[in-house]
Every structure is written in structure tokens, then in C-alpha cells.
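Notes follow once the structure below has been shown.
2 protein chains.
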Amino acid sequence: MLIEIDFNSSEAIYEQLVDRIIVGIATEEFHDGDALPSVRQLADMIGINMHTVNKAYGVLQQEGFVKIDRRRGAVIAVDIDKLQALREAEDILGVIFARTHCRGVTRKEVHELVDRIYDQYERKDVR
Amino acid sequence: MLIEIDFNSSEAIYEQLVDRIIVGIATEEFHDGDALPSVRQLADMIGINMHTVNKAYGVLQQEGFVKIDRRRGAVIAVDIDKLQALREAEDILGVIFARTHCRGVTRKEVHELVDRIYDQYERKDVR
DNA sequence: TCTTTGTTATATCATCACTATAACAGAAAG
DNA sequence: CTTTCTGTTATAGTGATGATATAACAAAGA
């Protein structure tokens with residue numbers, strides 16, 4: 001479990017944690033049923049406050065990526081909600097692709113970028 | 128010039144302004160050389176403070192979407208920097224697509240989403 | 001001269017991110 | 001039963017940020 005935090009980033013620590021763990025799930029570094037470190041453990045590992053980790057876990061629970069078990073702590077449990085995910089992504093991508101398009105990035109180049117990223121999450125030979 | 132602000136959003140007003148104007152450029156609502164309203168005008172139109180608009184214009188200048196002309200105010204002037212744009216997009220998209228992938232959204236569905244968004248920015252029949 | 005432009009300088013207020021302690025109940029292990 | 005670990009809750013302080021309110025200035029244009 002390798003989680004690196006950029007303390008110079010303007011992105012909040014707890015958000016970096018959330019993102020990092022979600023990417024970890026996507027890359028199959030974490031699997032459904034796996035338990036994350038306890039809030040105190042992870043806080044000590046990274047060198048931050050317990051509540052910052054707790055907030056990240058709370059967000060992950062809220063967003064449907066983990067369930068909190070009083071005995072085992074935060075356990076990976078991904079809610080599949082394709083429609084919701086597509087709707088959320090659409091708004092954000094609209095703004096991101098407006099930027100790329102203005103800067104001269106073509107539709108084709110974006111498709112290639114999508115493939116490059118999705119290759120990290122699903123083996124090509126599987127489909 | 129229609130700019131709507133969601134005052135209930137957790138996204139900062141100046142960031143909403145920046146995003147809205149960039150999308151406006153992408154959809155060719157604004158063209159290179161067009162002048163945006165003065166900071167005071169736009170602030171009055173929206174009903175917000177002058178400095179909030181000023182900050183948005185400052186960010187747009189920093190990111191290379193407008194140039195500030197003391198006579199004409201903020202003028203659309205897009206810096207083309209494909210490589211920089213691709214690099215910036217890659218980081219953000221990595222996290223976004225991690226989310227969609229976890230939620231069961233397939234690579235194909237993402238490609239379709241990309242096409243739907245890019246259709247708003249470039250006419251299909253042009254290429 | 002009068003108006004409008006961007007620019008700069010203060011000051012205030014609310015919210016947020018993060019930290020620091022502290023205490024509690026539930027569960028597991030000795 | 002006691003100890004230890006878990007998440008949970010509460011409270012408080014600090015620093016940064018977003019937004020507001022005034023105010024004043026120089027440059028440009030009518």
C-alpha cells in the first residue's frame with residue numbers, strides 16, 4: 001500500500017487520499033473485501049492527523065467505494081452505478097475538453113488518451 | 128453573453144466564471160479578438176463583486192485564454208499549447224476514469240461520451 | 001473635463017482544511 | 001477481566017481562501 005501525498009499541492013490532503021485509493025481500486029491494487037489500514041495507522045504512515053484520514057474514508061463511504069465495519073475498519077465495497085457515474089463525469093469532462101479543444105488537441109488525440117488511461121484499468125486482451 | 132452562476136455550488140464563483148468562459152470559447156460563442164465585458168459591468172450583470180470577476184479574468188490571463196488590454200479590457204486570445212494541455216488533462220482524467228471504470232462504465236461508453244462532448248465543440252461535417 | 005478602463009490597497013467576514021486533545025463504546029485477544 | 005485496537009464524537013485553535021465593501025489612482029477615450 002503506497003500512498004504519496006503532495007503537501008505542496010493546492011488539492012486538499014483528504015481529496016488526494018480519496019483519489020489515490022479510487023485509482024488503486026481501478027488498477028486492482030485493492031479488491032472488493034480488502035480492508036484499508038485503520039485511520040490511525042494510515043495517519044501515522046503518512047504523517048498526518050487521524051481526522052484527515054477519517055474524512056477521506058467518510059467521503060469514500062459517501063461515494064460508495066468502501067463500507068465502514070466497526071470491527072475491520074474501512075473495507076472496499078464498490079457500488080456499481082453506471083448512470084450516475086456517467087452523469088457526473090459528463091459535467092466535468094465538458095469543461096476539461098473545452099480546455100483541450102481550445103488548445104488545439106483533436107478529438108482523435110483525446111480518444112488515444114482515453115485508451116492509454118483505460119489500458120491501465122482493464123487489460124486489453126480481456127475483451 | 129449568458130453566464131449563469133450557481134450560488135449553491137461548492138465550486139467558487141470565480142472558477143465557475145472561468146469554466147463558463149472557456150466553454151464559451153470552445154463552442155465559438157466567443158472568438159479570438161472579442162472583448163469580454165468590463166469587470167464592473169459583468170459584476171453588475173451577475174450581481175457579484177468586482178474583485179471576483181477580476182480574479183476570474185486574472186486566471187484566464189494566467190492560463191492563456193485572454194489578454195488584458197488597458198483600453199479594451201479582457202480580450203479573447205487563446206494560446207495554443209497542445210502538449211501542455213495534454214499533460215494537464217492526463218492527470219485529471221486518470222482520476223475521473225478510475226471512478227467511471229470502478230462504476231462499471233466501459234471504455235466504449237467513455238469514447239461515446241467523448242464524441243458527444245467534442246461534437247459540441249467541432250462540427251462533425253467539418254472533418 | 002467627465003467617464004470608463006484596469007490596478008492596487010485595506011479591511012472584514014465566513015468557510016474550509018488541518019491539527020491537537022480527549023473521551024467513549026464496541027469488538028478482539030491476552 | 002483487562003488490555004488493546006477499532007470507529008465515533010466533541011471541542012478548540014490556526015491558517016488559508018473566497019467573497020465582499022470601500023477607496024483611490026493612472027491611463028485612455030469621448
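Residue numbers (our numbering), protein chains in the order written: chain W, 1 to 127; chain C, 128 to 254. Beta carbons are placed, not taken as given, at the ideal position from N, Cα and C, and that holds for glycine.
C-alpha gap between residue i and residue j, whole angstroms
| i | j | result |
| --- | --- | --- |
| D81/W | R230/C | 5 Å |
| A153/C | D206/C | 13 Å |
| D32/W | L17/W | 18 Å |
| H142/W | D69/W | This structure gives no information on residue 142/W, because the portion of chain W shown stretches from 1 to 127. |
| G159/W | E138/C | No information on residue 159/W is available, as it lies outside the stretch 1 to 127 that chain W covers here. |
| A204/C | F192/C | 5 Å |
| R127/W | V232/C | With a pLDDT of only 44 at R127/W, under the threshold of 50, the placement of this residue in the model should not be trusted, and no figure is reported. |
| N176/C | E131/C | 15 Å |
| Q189/C | R71/W | 50 Å |
| V39/W | I223/C | 25 Å |
| L169/C | E249/C | 28 Å |
| I244/C | L93/W | 8 Å |
| V186/C | K67/W | 39 Å |
| A225/C | D146/C | 23 Å |
| A212/C | F30/W | 31 Å |
| R87/W | R214/C | 25 Å |
Three-way DSSP call (helix, strand, coil) for residue i in this model
| i | result |
| --- | --- |
| A35/W | strand |
| F122/C | In the structure displayed, chain C extends from 128 to 254; residue 122/C sits before or after that span and is not available. |
| R20/W | helix |
| I232/C | The sequence given here places Val at residue 232/C; Ile does not occur at that position. The answer is coil: DSSP assigns V232/C none of H, G, I, E or B. |
| I48/W | coil |
| A212/C | helix |
| R127/W | Note on R127/W: pLDDT 44, under 50, position unreliable in the model; no value is reported. |
| L2/W | coil |
| D91/W | helix |
| E155/C | coil |
| I223/C | helix |
| I207/C | coil |
| E63/W | coil |
| E249/C | coil |
| A139/C | coil |
Other residues of its chain near residue i: CB distance less than 8 Å, five sequence neighbours each side excluded
| i | result |
| --- | --- |
| P37/W | M1, M45 and G73 |
| D218/C | none |
| K108/W | none |
| Q247/C | A153 and T154 |
| D6/W | Q16 |
| L210/C | none |
Per DSSP, the bridge partner or partners of residue i
| i | result |
| --- | --- |
| A74/W | I68/W |
Residue i: CB within 7 Å of a non-hydrogen atom of the ligand NAD
| i | result |
| --- | --- |
| H228/C | Only the bare structure without any ligand can be found here, which leaves the ligand NAD out of the picture. |
Close-in-space but distant-in-sequence residues of the same chain around residue i (CB under 6 Å, 5 per side omitted)
| i | result |
| --- | --- |
| H141/C | Reading the sequence as shown, one finds Tyr at residue 141/C and not His. Only T179, K182 and A183 meet the Cβ criterion. |
| D34/W | I76 |
Neighbourhood of residue i by C-beta distance below 7 Å, restricted to the same chain and skipping five residues each side
| i | result |
| --- | --- |
| A216/C | none |
| S9/W | Q16 |
Using 8 Å as the threshold, is the region 104–114 of chain W in touch with the region 137–151 of chain C, meaning 3 or more CB pairs across them?
Inter-segment contact for the region 104–114 of chain W and the region 137–151 of chain C is absent: fewer than three beta-carbon pairs are separated by less than 8 Å.
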